[in-house]
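Enquirer: Residue numbers (full-length UniProt numbering): 1 to 969.
All C-beta atoms in this analysis are idealised placements derived from N, C-alpha and C, irrespective of residue type, glycine included.
Since this is a predicted model, take the numbers as computed values, not measurements.
I have a structure here, written as structure tokens, and I will follow up with some questions on it.
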């Protein structure tokens, strides 16, 4: 029975989903008798701050947590302040309905939203749980006709997670406030993710590069190229006298060989000497080994693999990827995008196989459909993989999509179709070349090749790689047809130097991959976790790399030392297992929370009472850990040695370096200090750089005395950049009508605080400079330096100058010539771009970096995205530029608020009314004046009394409104 026919008997059904966009799409698939409305996400949650705690609970010791830890960890839920109007609307719609369908997403979060809706709305009509994994007409109708009950196990699992995260965050974060810096936060997964990024940076700091050399030869065959293949090929030296030549993988992070007895390390001299000894040597093919090559297609996308590929191929961050995917899902283009599953339904497999045949031919279709087992431990949620929706896949060209939505849909479509195609097959070949040096050394070179004879799924899709230097699967390397014993001629032998590289920093894609491999957190939350550590300034971006701030070093240091198990990777993964057991009903939530918080039964999270290392029989719970903070030395936690006695410290106002106290300094007196730039990667803070920072002037930089005023002139580094100012004598009034303000001037862009002279400063302080008097108007023409650059001013007429130096050099004649030209209206000529980044993978438009009124930004001609504080216009990478544009486009255009729209309408109406009544008002003015003159004194007195009474009444009403607040309406 169709939804429409079921509702023609007068019944009315209320369907509640999470988002307005989803509501609009679903409404189009349901007939009359259905009302589809959005909850706009969660309608209630634990209180977010003391102001949201109901009055009757404010005196309770647990109120700040929003969880009654002494009564079975009972949560205190409150309706979000911004959702009260929506809840009221839902209640009104429900009062007019005969059935309620809760159609939120089919996962833990969606199940919890449905449960909260039922608890708050308290329906007196039948309640159905409506679930679907794609928004198509058939899927929605099937969901209406096959409802189920709420899954309380999923609700309990989500509630346990929420309570756990609240206890973690609300108990540990205040410790960070006290010992590191105010307004910091800790979280069950975000803190572990931050630790991963910090540990990678520690590895980079401890890393010592190793130099090694080898030889590269270019060899030619006798009759090369006869079969159409190449006649030359390159090969690298792999061994000398049977001993393998060291490569980068043979060195440890300390720069030393791991197994020095098994490999030979060449330095530059030895490599060049060996190359010389091989000049003129005879070379031949020592061996040829050929093996079949086969590569199977990748599984369809799940949440994390989609985030990784979108980052690699489209330059989209995890957050932007999920925002775009959400829109694709809500508008019916793809299936649900938060899933651990790689499974495709029979309908989807049939649709994919049909498109393989249609687009690539039957030779690309395997005999049997392919199936993929999930690699995610405790994979959950009853969803398919992420795929195009429907029982027939629309090709990207058929969707009508544009921009990011088109590109992301295309990525999903290609991956899905490719997953049902044949393997790629070919041949891989390894050739060894032998030659004897002048000293009798037996030298062996190696080359590998790969030929793909049938591309199979690679016709549709090839997966990207986190390493930009990695070779993709479809890359071929053709070698000449050679056989063992064939002679070869060495066209070139070159000695090559190399240096080992520190481990690469995480990108969003590789951090997501690492978290998933360690089984930490849920894939559906990774985007928000990365967003949180970026927003909290624990991590910033340098290109696409995630760089930890010095602040994160202090935070992780404290967590490792005092909350070791909370940021232990294995312990965090075990917590995930426990939460999954609660979700399946194999464990109970309250006993588990009690052990975590109070430490009962030896399964807490703290250190052992006596051992101090977590190995004892009784482990204190979270409550015990946050109560005893005496052992935490705030200064030690935030101090990190740089070398030669210099220490980096994380202070309340940012990181700084401190030198050892000077000889003869009083006990306890600190050494010289210097601020460290927030955007400096920690692995770049060397002893040399620290000394350079300490050598820079700090505080007032005395330049000399003004010979005219006798006032000292100093240079300072202010909030808005370096400037010079005069120091007025003590006692000079700073306020009042007799106040004297010191002369102040910003440095030019070409000037530096540590090189500016007294003469430079006095010239800056002489501005504005009178260039001369205009003979026509008699006005002075002055040269001034303003917010938007240097300019001339004559009365109210201003004209821009081309450079700051003109402020001192321009003559009256030159100024008059500028004023003689017509004034430019509108925008000035566009500035040339600061940097070109290449073609945007989404819009296919050229992307450049420009300098705008509010700072540098990237643009593709349509979308502009301001560079973040950590982005340097000179060093920004194309990938970072594409990512900024993707995030900006994902947010969509700024929406005008209802208040602003209403205000504009009111202004227009008022203006129209004013214009209409202006003439009438003018006509009655004379009559009013005449009547006023005839008014008696008694009438005036009465009028005054009436006015006073009105004012008193208005004041009382205003006071009442201020005290009681606006009405609910």
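Considering just the uninterrupted stretch of the beta strand (DSSP E) at residue 773, what are its terminal residues?
Expert: 769 to 773
Enquirer: Quick one: is residue 429 buried, meaning 16 or more other Cβ sit within 10 Å of its Cβ, or exposed?
Expert: buried
Enquirer: Quick check: what's the CA-CA separation for residue 438 versus residue 215?
Expert: 16 Å
Enquirer: Here's a check: name, in chain order, each residue in its chain whose Cβ is nearer than 8 Å to the Cβ of residue 271, leaving out the five neighbours to either side.
Expert: 213, 214, 215, 495, 496, 497
Enquirer: Determine the extent of the beta strand (DSSP E) in which residue 247 is found, giving its start and end residues.
Expert: Where residue 247 is concerned, there is no enclosing beta strand (DSSP E), given that its DSSP letter is neither H nor E.
Enquirer: Identify which residue in 451, 239, 312, 304 has its Cα closest to the Cα of residue 293.
Expert: Residue 451 is the option with its Cα nearest to residue 293.
Enquirer: What are the start and end residues of the alpha helix (DSSP H) that includes residue 427?
Expert: Element bounds for residue 427: not the alpha helix (DSSP H) but the beta strand (DSSP E), 424 to 436.
Enquirer: Could you name the residues of the same chain whose beta carbon sits closer than 6 Å to that of residue 765, not counting the 5 residues immediately before and after it, in chain order?
Expert: 743, 745
Enquirer: If we call anything under 8 Å between Cβ atoms a contact, is residue 478 one with residue 440?
Expert: no
Enquirer: Which residues does DSSP pair with residue 744 in a beta bridge?
Expert: 725
Enquirer: Nearest by alpha-carbon distance to residue 625: which of 676, 173, 158, 752 is it?
Expert: 173
Enquirer: Using the three-state DSSP reduction, which class does residue 670 fall into: helix, strand or coil?
Expert: Looking at residue 670 - three-state DSSP - the assignment turns out to be coil, as it is neither helix nor strand.
Enquirer: Return the first residue and the last residue of the alpha helix (DSSP H) that residue 168 is part of.
Expert: 152 to 179
Enquirer: In its own chain, which residues sit with a C-beta less than 6 Å from the C-beta of residue 675, not counting the 5 before and 5 after it?
Expert: 656
Enquirer: On the premise that residue 79 lies in contact with residue 87, defined as a C-beta separation below 8 Å, what is that separation, rounded to the nearest angstrom?
Expert: 6 Å
Enquirer: Identify the residues that DSSP records as bridge partners of residue 79: which are they?
Expert: 44
Enquirer: The beta strand (DSSP E) that contains residue 1005, what's its start and end?
Expert: With the chain covering only 1 through 969, there is no way to say anything about residue 1005.
Enquirer: Do you know whose CA, among 551, 672, 547, 579, lies nearest residue 520's CA?
Expert: 579
Enquirer: Just checking my contact of residue 419 with residue 383 at CB under 8 Å: how many whole Å lie between their CB atoms?
Expert: Wrong, their Cβ atoms sit about 16 Å apart, outside the cutoff.
Enquirer: With the cut-off set at 8 Å, would you say residue 890 and residue 404 are in Cβ contact?
Expert: yes
Enquirer: Please check the pair residue 314 and residue 162, which I expect to be a contact at CB under 8 Å, by giving their CB distance rounded to whole angstroms.
Expert: Here residue 314 is actually not in contact with residue 162; their C-beta atoms are around 32 Å apart, not less than 8 Å.
Enquirer: Need the endpoints of the beta strand (DSSP E) that residue 212 sits in, please.
Expert: 211 to 221
Enquirer: By DSSP, does residue 369 sit in helix, in strand, or in coil?
Expert: coil
Enquirer: Determine the closest residue to residue 789 out of 572, 666, 801, with distance taken between C-alpha atoms.
Expert: 801
Enquirer: Please state whether the Cβ-Cβ distance between residue 219 and residue 433 is less than 8 Å.
Expert: yes
Enquirer: For residue 865 and residue 885, which I take to be in contact (beta-carbon distance under 8 Å), what is that distance rounded to the nearest angstrom?
Expert: 5 Å
Enquirer: Note down the Cα distance separating residue 240 from residue 680, rounded to an integer number of angstroms.
Expert: Roughly 44 Å between the two C-alpha positions.
Enquirer: For residue 775, count neighbouring Cβ atoms within 10 angstroms of its own Cβ and tell me buried if that reaches 16, exposed if not.
Expert: exposed
Enquirer: Are residue 337 and residue 322 touching if we call contact CB-CB under 8 Å?
Expert: Taking 8 Å as the Cβ cut-off, residue 337 and residue 322 qualify as a contacting pair.
Enquirer: Please classify residue 524: does DSSP put it in a helix, a strand, or coil?
Expert: helix
Enquirer: Could you check if residue 931 is buried or exposed, using at least 16 other CB atoms within 10 Å of its CB as the buried criterion?
Expert: Here residue 931 scores only 42 on pLDDT, less than 50, and its place in the model should not be relied on; the value that follows carries that caveat. Exposed, since its Cβ has fewer than 16 Cβ neighbours within 10 Å.
Enquirer: Would the beta-carbon of residue 13 fall within 8 Å of that of residue 105?
Expert: no
Enquirer: To which residues of the same chain is residue 11 closer than 8 Å at the C-beta, ignoring the five residues directly before and after it?
Expert: 33, 98, 99
Enquirer: Excluding the 5 residues flanking residue 798 on each side, which residues of the same chain have their C-beta closer than 8 Å to its C-beta?
Expert: These residues qualify, in order along the chain: 791, 792.
Enquirer: Could you give the distance in angstroms between the alpha-carbon of residue 754 and the alpha-carbon of residue 329?
Expert: 57 Å
Enquirer: Say whether chain D places a C-beta atom closer than 8 Å to the C-beta of residue 587.
Expert: No chain D appears in this structure, which consists of one protein chain only.
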